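Colleague: Pasting a structure below so you can have a look.
There are 2 protein chains.
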Amino acid sequence: MQASTVKVGVVQQAISGNDKHLNWQQSAAQIALLAEQGCRCILLQELHSTLYFCQTEDTDVFDLAEPLEGEAHAFFGALAAKYNIVLITSMFEKRATGLYHNTAVVYDCSTEIAGIYRKMHIPDDPGFYEKFYFTPGDLGFTPIDTSIGKLGVLVCWDQWYPEAARLMAMAGAEILFYPTAIGWDRNDTPDEQARQRDAWQIIQRSHAVANSVPVVVANRTGFELSPNGNEGIEFWGTSFVAGPQGELLAQASTDQPENLIVDIDLQRTEAIKRIWPYFRDRRIDDYGDLTKRWRD
Amino acid sequence: MQASTVKVGVVQQAISGNDKHLNWQQSAAQIALLAEQGCRCILLQELHSTLYFCQTEDTDVFDLAEPLEGEAHAFFGALAAKYNIVLITSMFEKRATGLYHNTAVVYDCSTEIAGIYRKMHIPDDPGFYEKFYFTPGDLGFTPIDTSIGKLGVLVCWDQWYPEAARLMAMAGAEILFYPTAIGWDRNDTPDEQARQRDAWQIIQRSHAVANSVPVVVANRTGFELSPNGNEGIEFWGTSFVAGPQGELLAQASTDQPENLIVDIDLQRTEAIKRIWPYFRDRRIDDYGDLTKRWRD
């Protein structure tokens, strides 16, 4: 870890079409703003190049995928080098014909890729047909070394799994990052919508608490129609940054594009782990069943 | 599960001395009130028989311990039978000379013990010298079968471990219960106190979210002096009940004895697990390192 405080930026965007070049330009404009304001690390939201295309199962959508070192790589790597920042992007990765991943790519002040994370837990529910598009990641829960520290990058559905955050923390992750794309069904009641958004924030803040590390979350905002005329998704924004006790340091609106800038004090983790040393007391002698599907 | 809704009661008490018979009478009075109001299940706070005695390390304190089927058992078993309730109590268990546990005891409408849970994760920090008093539990994370369902009873420090809640849920626990005793150091700033209490609530609400089960928490309230003249602990109360999305259903005050009564709809778990089926997608092929101390 190079410094005790790192200024982190989060970009929450609304996406209105599948012109990825236009969407990249819009991301680049926000990255420029954040870099000018001193951010050393910037997180983009999940699948920021396009609309959230998993609302239907459509083989033509595979045209949106790119190889790891494709056009998106050239574009965002150049930005990381230009602004001398750690940049966390998200992409629809074409690994081979018929083999695709939902992949986060990390750059570290260079056009080179510092590391990637392939989404390990893949959701599938009405409007979020990700199992059709993405093979579950095969790189495990491995932090990515950068000039600002070891970054535990996870993606969206991973956020519901304490196991994922724990394994990242145990491998030395100093900050957890979650690019996500989650929203409401407009048919749900306001109460149900509130419960869902709160659950989403609570579970991610809890990873900060359980592991005494900061958590940085970028979610998309805006309404995206479903291509098949179904309801569509109202992405709930609410990108946020939590400190190592789960405390909210910043939070974006539900319905507007917005950037967050937060100074994260990495020394807090050391202090918190001294007063509440959870890792000292884990009952690893009795955790074996965590690798079972169910205890039946 | 016998009915889709179960009325649960929580007793949050302030303890002013080590006269256990007096403290039991006070608990019994609240149990009577809750039973009269229709509660089918009642949770008492951690180590409710006495002051929180772990503020110092004192060999005389072992006199407070009892065998499993001792005086406390006779007293509380009789109440469970009298009121025809599931009753969850907490005790300083003397298992053998020199061998003690922090144990939750569950009664099911009978004077007999339905099951016990011995606290698995034992804390130790200034003012909470539990490792001096309690041997870590050796019964694992095993739910207790009762007439209202399978209960996942965990105790205080366990609350910080997602592993414990997960293992209970995977073994079929339908509700999680946490008797606890946690409070503030008065020397901490109000901001730090707020972060601690929030962290404590977030992590427990997150167990509801991660496992789609309700969570019931009883914490003590009131200030207890340290026997050695140190600062003492201001127990922060805030007993609460959360539903299977982590939503708060009821919450007690920080500083007053108080009972909670909540109708828990157990069918919600089924509904929530259908829309957000986390257990379907756990990456058990890559969770093996959870049984390590650290990934180094």
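In order, the protein sequences belong to chains F and U. Taking the working numbering as reference, the numbering of the first sequence is continuous, increasing by one, and the terminal residue is 1751. Taking the working numbering as reference, the numbering of the second sequence is continuous, increasing by one, and the terminal residue is 1751. C-beta atoms are modelled at their ideal positions from N, C-alpha and C, and glycine is treated no differently. This structure is a prediction, so every number in the text was calculated from the model and none was measured.
(1) Select from the region 1583-1599 of chain U all residues with a C-beta closer than 8 Å to any C-beta belonging to chain F, and list them in chain order.
(2) Where does residue 1596/F fall in DSSP's three states?
(3) Grab the span of the beta strand (DSSP E) containing residue 1606/F for me, first residue to last.
(4) Drop a sphere of 10 angstroms on the beta-carbon of residue 1745/U, count the other beta-carbons inside from all chains shown, and report buried for 16 or more, exposed for fewer.
(5) Which runs of the alpha helix (DSSP H) at least 4 residues long sit entirely within the region 1517-1547 of chain F? Give them in chain order.
(6) Which residue marks the beginning of the beta strand (DSSP E) containing residue 1706/F, and which one marks its end?
(7) Nearest to residue 1612/F by alpha carbon, out of 1630/F, 1570/F, 1648/F and 1674/F?
(8) Quick one: using the 10 Å Cβ neighbour count with 16 as the cut-off for buried, is residue 1471/F buried or exposed?
(9) If the cut is a Cβ gap below 8 Å, which residues of chain U does residue 1572/F touch?
(10) What is the rounded straight-line gap between the Cα of residue 1456/U and the Cα of residue 1721/U?
(11) Would residue 1670/F and residue 1659/F be called neighbours here (beta carbons separated by less than 8 Å)?
(12) Can you grab the Cα-Cα spacing for the pair residue 1569/F / residue 1499/F, in whole Å?
(13) Measure the C-alpha to C-alpha separation of residue 1604/U and residue 1622/U and round it to an integer number of angstroms.
(14) On the premise that residue 1553/U lies in contact with residue 1573/U, defined as a C-beta separation below 8 Å, what is that separation, rounded to the nearest angstrom?
(15) May I ask which residues mark the beginning and end of the alpha helix (DSSP H) holding residue 1720/F?
(16) Where do the ends of the beta strand (DSSP E) carrying residue 1498/U lie?
(17) Excluding the 5 residues preceding and the 5 following residue 1617/F in the sequence, name in chain order all residues of the same chain whose CB lies nearer than 6 Å to its CB.
(18) Express the C-alpha separation of residue 1614/F and residue 1620/F in angstroms, rounding to a whole number.
(19) Would a check of beta-carbon distances place residue 1546/U closer than 8 Å to chain F?
(20) What first and last residue would you give for the alpha helix (DSSP H) that runs through residue 1618/U?
(21) Looking only at C-alpha atoms, which of 1692/F, 1741/F and 1608/F sits nearest to residue 1649/F?
(22) Name the chain F residues that come within less than 8 Å of residue 1723/U, Cβ to Cβ?
(23) Return no unless some Cβ of chain U is closer than 8 Å to the Cβ of residue 1746/F.
(24) For residue 1475/F, which residues in the same chain have their Cβ closer than 7 Å to its Cβ, ignoring the five residues on either side in sequence?
(25) Touching or not, the region 1580-1587 of chain F and the region 1473-1489 of chain F, by the rule of three or more beta carbon pairs under 8 Å?
(26) Could you run through the region 1599-1615 of chain U and flag, in chain order, every residue whose CB is less than 8 Å away from some CB of chain B?
(27) For the alpha helix (DSSP H) that residue 1650/U lies in, which residues bound it at each end?
(28) At the 8 Å Cβ level, is residue 1720/F part of the contact set with chain U, yes or no?
(29) Could you spell out the range, first to last residue, of the beta strand (DSSP E) harbouring residue 1631/U?
(30) On the three-state DSSP scale, how would you describe residue 1470/U?
(31) Output needed for residue 1533/U: all residues of its chain with C-beta closer than 8 Å, excluding positions within five of it in sequence on either side, in chain order.
(32) May I have the straight-line CA-CA distance separating residue 1576/U from residue 1700/F, to the nearest angstrom?
Modeller: Let me spell this out:
(1) 1591, 1595 and 1596
(2) coil
(3) 1604-1608
(4) buried
(5) 1526-1538
(6) 1703-1706
(7) 1674/F
(8) exposed
(9) Under the 8 Å cutoff, chain U gives no residues; its nearest Cβ is about 13 Å from residue 1572/F.
(10) Because residue 1456/U sits at a pLDDT of 43, beneath the cut-off of 50, its placement in the model cannot be relied upon, and the point is left open.
(11) yes
(12) 16 Å
(13) 16 Å
(14) The Cβ separation is near 16 Å, so there is no contact.
(15) From DSSP, residue 1720/F is part of no alpha helix (DSSP H) but of the beta strand (DSSP E) over 1713-1720.
(16) 1496-1498
(17) none
(18) 8 Å
(19) no
(20) 1617-1625
(21) 1692/F
(22) What residue 1723/U touches in chain F: nothing, since even the nearest Cβ is about 10 Å away.
(23) yes
(24) 1504 and 1505
(25) no
(26) The chain labelled as chain B is not found among the protein chains of the depicted structure, namely F and U.
(27) 1645-1666
(28) no
(29) 1630-1635
(30) coil
(31) 1566
(32) 19 Å
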